[in-house]
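Read in order, the letters of the sequence shown are residues 1 to 322 in full-length UniProt numbering.
Working notes, beginning with the structure itself.
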Amino acid sequence: MFICSDENEYKQYVDKLIEDSHSIDIAVAFWGKGASKYLKKSAKTFRILCNLTSGGTNPAEIEEILKRGYDVRHCPDLHAKVIVGPNSAIVGSANFSTNGLNIEEEEFDGWHEAGYVTDKVTDVRKMQTWFDDQWAHCGQKITPAMLRQAKLNWSRRVRNRIARTKGNDSILSMTPEQLKGRNVYVAAYRLDPTPQATRAFSKWRQTNHLNTDTEISFYEDWDGMKTGQQVISVYSGPEGDIRVDGAYGIGDVIRARRTAGYNKGEEMILHLCSPIDELAGRQFGNRECAALEKRLRKAKWSLPGGAEGELIPVEKFLNEFN
Numbered sequence: 001m002f003i004c005s006d007e008n009e010y011k012q013y014v015d016k017l018i019e020d021s022h023s024i025d026i027a028v029a030f031w032g033k034g035a036s037k038y039l040k041k042s043a044k045t046f047r048i049l050c051n052l053t054s055g056g057t058n059p060a061e062i063e064e065i066l067k068r069g070y071d072v073r074h075c076p077d078l079h080a081k082v083i084v085g086p087n088s089a090i091v092g093s094a095n096f097s098t099n100g101l102n103i104e105e106e107e108f109d110g111w112h113e114a115g116y117v118t119d120k121v122t123d124v125r126k127m128q129t130w131f132d133d134q135w136a137h138c139g140q141k142i143t144p145a146m147l148r149q150a151k152l153n154w155s156r157r158v159r160n161r162i163a164r165t166k167g168n169d170s171i172l173s174m175t176p177e178q179l180k181g182r183n184v185y186v187a188a189y190r191l192d193p194t195p196q197a198t199r200a201f202s203k204w205r206q207t208n209h210l211n212t213d214t215e216i217s218f219y220e221d222w223d224g225m226k227t228g229q230q231v232i233s234v235y236s237g238p239e240g241d242i243r244v245d246g247a248y249g250i251g252d253v254i255r256a257r258r259t260a261g262y263n264k265g266e267e268m269i270l271h272l273c274s275p276i277d278e279l280a281g282r283q284f285g286n287r288e289c290a291a292l293e294k295r296l297r298k299a300k301w302s303l304p305g306g307a308e309g310e311l312i313p314v315e316k317f318l319n320e321f322n
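Structure representation (C-alpha cells):
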C-alpha cells in the first residue's frame, strides 16, 4: 500500500510496525534531530544500519542510540530507507529525523515523503534477505575514530536553514534576525595556542595516523565552544592588526593534562576544527574574509583590553557594523 507524509501517515505506519514487532531491522541512511528520542529504550531488538560519516547523520543521535544498547553499524554507501519487521516492511524516502518522519510532530511537517508498506510474505522475505546481506557484507562496527570523523563532517555540513533573500549571497548581507539561532559564531582571539597544546595536538594526529594533508586544527580552552558550531576565526593583534582566517566547523575535543608551568596538572581542552566554505547556507571564502577584514579595520574594531579570546554570536558581532 502506498503511504505518504500527508497527515503524518508515513510516521503512523512506522509507529505501528515498531509497536507490533519484537525485532526490527532498520536500514536508513541519515539520522537527525529527534531520532534518539524516537527509539526509546525498550525490550525490543533493533539492528540499525546508517551512513554515519558522509555528513548527513548527526553523530550525537547515534551515540545516544548506542548508549541504549541497540546494535548500530555504519554502511558508507548506504542511501536506502528500509524498515523490516517479522510480518511487515516499509520502503520509502524518509530519513529518521524531524524533517523526514516529523518525529517530534512539530507544526513544520518537514519534507514531502512517500513510501510503500507491505505485509506480503514474499515482499517481507525479500527485504529481509536484502537487509541481512547489507548487515553481513556492508555493515561496519562503529568505532571512536568513525564518530570523530562523523562529528567533523557533520560540523562541515550546512545544517542551518538557508535564508531565502534576494541580492548578495554573502552572510555579511544578512540581517541580525536572519542570522539569529544559526549556531554560527565569531571566534575572536589574541593569542596563539600554547606549546603544550600544540604538542598534545601533534600527538593526537600521530596516534590517529593523520597525514599533513588532513586539514584539521584546534582551539585551546574556549568557554562555550561546542561540537557542531560553525565559527569565523578573527585575529585581533596589537596596534589594530586584524586578520580573518576563514570559517571552521567545530568537531570533537581532545583532553590532556598540562605537564609544566604554574597550571601543571590542570586539564586542557582542545576543540578540533576543520575549514568549511559555507555559513548559514551561504558561501564564505576568501572574498568574504577580505570584505569582513575591511569592515573591521574601518570600524577600528579590536578585542576588549585584557581579553585573550571571545566567542560571539554572529548576529551580535555583525550587528555592530551593519
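Glycine is no exception: its CB is placed at the ideal position from the N, C-alpha and C atoms.
All figures in this text were calculated on a predicted structure; none of them were measured in a lab.
V253 beta carbon less than 8 Å from that of L270: Locating residue 270 in the sequence shown gives position 270, counting from the first residue. Locating residue 253 in the sequence shown gives position 253, counting from the first residue. Yes, they are a contact pair.
T165 versus P176: straight-line alpha-carbon distance, rounded: Here residue 165 is taken as the residue at index 165 of the sequence shown, counted from 1. Here residue 176 is taken as the residue at index 176 of the sequence shown, counted from 1. Caution is warranted here: a pLDDT of 43 is assigned to T165, below 50, making its placement in the model unreliable, and the coordinate value is therefore given only provisionally. The straight-line gap from Cα to Cα measures roughly 13 Å.
Rounded distance between the beta-carbons of L66 and A27, thought under 8 Å: Counted from its first residue, the sequence shown places residue 27 at position 27. Counted from its first residue, the sequence shown places residue 66 at position 66. Their Cβ separation, rounded to whole angstroms, is 17 Å, which puts A27 and L66 out of contact at 8 Å.
E293: first and last residue of the uninterrupted alpha helix (DSSP H) it sits in: Position 293 of the sequence shown, counted from the start, is the residue given in the question as residue 293. Start and end: 286–298.
N153, buried or exposed, once every other Cβ within 10 Å from all chains shown has been counted against 16: Numbered from its first residue, the sequence shown carries residue 153 at position 153. Buried is the call here.
Contact check, T45 vs S23, beta carbons under 8 Å: By one-based count along the sequence shown, residue 45 stands at place 45. By one-based count along the sequence shown, residue 23 stands at place 23. Yes, Cβ-Cβ distance for T45 and S23 is below 8 Å.
Cα-Cα separation, G281 to V121: For the purposes of this step, residue 281 is taken as the residue at position 281 of the sequence shown. For the purposes of this step, residue 121 is taken as the residue at position 121 of the sequence shown. If I take the Cα positions, the gap works out to 45 Å.
Nearest candidate by alpha-carbon position, reference A43, set I142, L147, G34, S21: The count along the sequence shown starts at 1 and reaches residue 43 at position 43. Closest option to A43, Cα to Cα, is S21.
Buried versus exposed call for M1 [16 or more other C-beta atoms within 10 Å across all chains shown]: Taking the sequence shown and counting its residues from 1, the one referred to as residue 1 is at position 1. M1 is exposed by the Cβ-count criterion.
Exposure label - H112; buried when at least 16 CB within 10 Å: Position 112 of the sequence shown, counted from the first residue, corresponds to residue 112. H112 is exposed by the Cβ-count criterion.
Counterpart residues of M268 in DSSP-defined beta bridges: Here residue 268 corresponds to residue number 268 of the sequence shown, with the count starting at 1. Bridge partners of M268: A256.
Alpha helix (DSSP H) runs wholly inside the region 180–250, at least 4 long, in chain order: 195–207
Where the beta strand (DSSP E) containing L17 begins and where it ends: In the sequence shown, the residue the question calls residue 17 occupies position 17. Segment 9–20 is the alpha helix (DSSP H) holding L17; no beta strand (DSSP E) there.
Beta-carbon spacing of F30, V82 below 8 Å: Mapped onto the sequence shown, residue 30 falls at position 30. Mapped onto the sequence shown, residue 82 falls at position 82. Contact: no.
Three-way DSSP call (helix, strand, coil) for A27 in this model: Position 27 of the sequence shown, counting from 1, holds the residue named residue 27. Reduced to three states, the DSSP call for A27 is strand.
Bridge partners - A150, DSSP secondary structure assignment: Here residue 150 refers to the residue found at position 150 when the sequence shown is read from its first residue. A150 is not bridged to any residue.
Cα-Cα separation between Y189 and S302, rounded to whole angstroms: Mapped onto the sequence shown, residue 189 falls at position 189. Mapped onto the sequence shown, residue 302 falls at position 302. Distance between the alpha carbons of Y189 and S302 is about 10 Å.
DSSP state of S274 mapped onto helix, strand, coil: Locating residue 274 in the sequence shown gives position 274, counting from the first residue. Strand, per DSSP.
Residue from M127, L52, E63 whose Cα sits closest to the Cα of G85: For the purposes of this step, residue 85 is taken as residue 85 along the sequence shown, with counting starting at 1. For G85, the nearest C-alpha among the options comes from M127.
Contacting residues, own chain, Cβ-Cβ under 8 Å from P304 (five flanking each side not counted): As a first step, residue 304 is located in the sequence shown; it is residue number 304 there, counting from the start. Excluding sequence neighbours, P304 sits near E310.
C-alpha gap between D133 and G69, whole angstroms: Along the sequence shown, one-based indexing puts residue 133 at 133. Along the sequence shown, one-based indexing puts residue 69 at 69. If you take the alpha carbons of D133 and G69, they lie about 22 Å apart.
Reduced DSSP secondary structure (H/G/I, E/B, other) of residue 336: Examination of residue 336 is not possible in this model, given that the chain is present from 1 through 322 alone.
S236 versus R47: straight-line alpha-carbon distance, rounded: Position 236 of the sequence shown, counting from 1, holds the residue named residue 236. Position 47 of the sequence shown, counting from 1, holds the residue named residue 47. When rounded, the distance between both Cα atoms is 50 Å.
L318, enclosing alpha helix (DSSP H) - first and last residue: Position 318 of the sequence shown, counting from 1, holds the residue named residue 318. Run containing L318: 314–319, per the alpha helix (DSSP H) assignment.
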